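In this note's numbering, the protein residues as written are 5 to 300.
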């Protein structure tokens, strides 16, 4: 054979293999396996996707569940259960009666879409946990979710939908520190509120997101030293802006940040309306953060 013939034959074989895989995937997505073990033998049925949960809620009949009126001992190999096996395990050889028992008590195999949904949910939990409990040690602020997800891809981390979220967070952080800087910690901050906003802050911010370590009252209001989880930072700033209309001071302690433009932008419209300027704290002795408009 010429080189051209060999190449064409290889291409045809590749296309055939691809079609075969696609066909297998389409077939696998057209049913779900429900498996029940009795003694040392597995008994399986082929169920229509989504029908098992409906059957368990008594919303459909067993005939709506079964793709084939067969009981298998190994569906992937095409091994069917004999009447004797069914009689010994279920005390009946009636396929529909046996299928009802398997459907109610068996383990349901997920479809590809359902498996992917579980993986996506677990990934979201892992990323959310890192965003909430870990910070960039240079700024003492959490990394954006998109940055964490990108680092996760760089690490080629494989999410296990069945494994513990905490364990996977630990494993991922161990790999991720070579990609982005991470530190598990609480953030320390200083919050200053006027007396007029103290009542509104209690419960909605203080106590909900912020733990007060020290507080000092004077004639104008209260200065508090607080701790918060990194992932709650945005919620704190948003809520403070909502209840005080920018009349507060909130600065992250120990941060190298010289100012947080996002917070300034959030109050830019109010500032223009009231013709007042929002100020930012310049870092003093290693401090940095954001400062809302001070009350009179």
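For glycine and all other residues, C-beta sits at the position ideal for the given N, C-alpha and C. Model, not experiment: these values are computed from the prediction.
Would you check if the distance between the CB atom of residue i and the CB atom of residue j is smaller than 8 Å?
| i | j | result |
| --- | --- | --- |
| residue 185 | residue 238 | no |
| residue 137 | residue 54 | no |
| residue 126 | residue 77 | no |
| residue 52 | residue 73 | no |
| residue 163 | residue 149 | no |
| residue 49 | residue 97 | no |
| residue 214 | residue 241 | no |
| residue 39 | residue 111 | yes |
| residue 90 | residue 75 | yes |
| residue 60 | residue 108 | yes |
Kindly indicate which three-state DSSP category residue i falls into: helix, strand or coil?
| i | result |
| --- | --- |
| residue 220 | strand |
| residue 115 | coil |
| residue 134 | helix |
| residue 260 | For residue 260, the predicted structure reports a pLDDT of 46, less than 50, and the residue's modelled location is therefore unreliable. A value from the coordinates is still provided. Residue state, collapsed to three classes: coil. |
| residue 86 | coil |
| residue 30 | Low confidence applies here, because residue 30 scores a pLDDT of 48, under 50, leaving its location unreliable; read the following figure in that light. The answer is helix: DSSP assigns residue 30 an H, G or I state. |
| residue 212 | coil |
| residue 51 | strand |
| residue 66 | helix |
| residue 255 | strand |
| residue 225 | strand |
| residue 81 | helix |
| residue 246 | helix |
| residue 96 | coil |
| residue 38 | strand |
| residue 143 | coil |
| residue 310 | No answer is possible for residue 310: it lies beyond the span of the chain, which begins at 5 and ends at 300. |
| residue 71 | coil |
If you count every other CB in all the chains shown that lies within 10 Å of the CB of residue i, and 16 or more means buried, which is it?
| i | result |
| --- | --- |
| residue 252 | buried |
| residue 57 | exposed |
| residue 36 | buried |
| residue 79 | buried |
| residue 172 | buried |
| residue 221 | exposed |
| residue 62 | exposed |
| residue 121 | exposed |
| residue 45 | exposed |
| residue 147 | buried |
Quick one: what's got a C-beta closer than 8 Å to residue i's C-beta in the same chain, skipping five residues either side?
| i | result |
| --- | --- |
| residue 219 | 226, 227, 228, 229 |
| residue 101 | 94 |
| residue 27 | With a pLDDT of only 45 at residue 27, under the threshold of 50, the placement of this residue in the model should not be trusted, and no figure is reported. |
| residue 202 | 225, 226 |
| residue 177 | 134, 138, 186, 188 |
| residue 247 | 201, 204, 205, 208, 209 |
| residue 105 | 40, 94 |
Near residue i, which residues of its chain fall below 6 Å by C-beta distance, leaving aside the five closest residues on each side in sequence?
| i | result |
| --- | --- |
| residue 144 | 191, 256, 258, 259 |
| residue 2 | Residue coverage of the chain in this structure runs from 5 to 300, which leaves residue 2 outside it and unanswerable. |
Once you ignore the five residues that flank residue i on each side, which residues in its own chain have a CB closer than 7 Å to its CB?
| i | result |
| --- | --- |
| residue 155 | 180, 183, 184 |
| residue 216 | 210, 228, 230 |
| residue 233 | 136, 137, 190 |
| residue 85 | 47, 75, 76, 77 |
Under 8 Å, Cβ to Cβ, is there at least one residue of chain D near residue i?
| i | result |
| --- | --- |
| residue 70 | Protein chain content of the structure displayed is limited to a single chain, and chain D is not contained in it. |
In chain order, each beta strand (DSSP E) run of at least 3 residues that lies wholly inside the region 158-198: Along the region 158-198, the beta strand (DSSP E) occurs as fully enclosed runs of 3 or more residues at 191-198, listed in sequence order.
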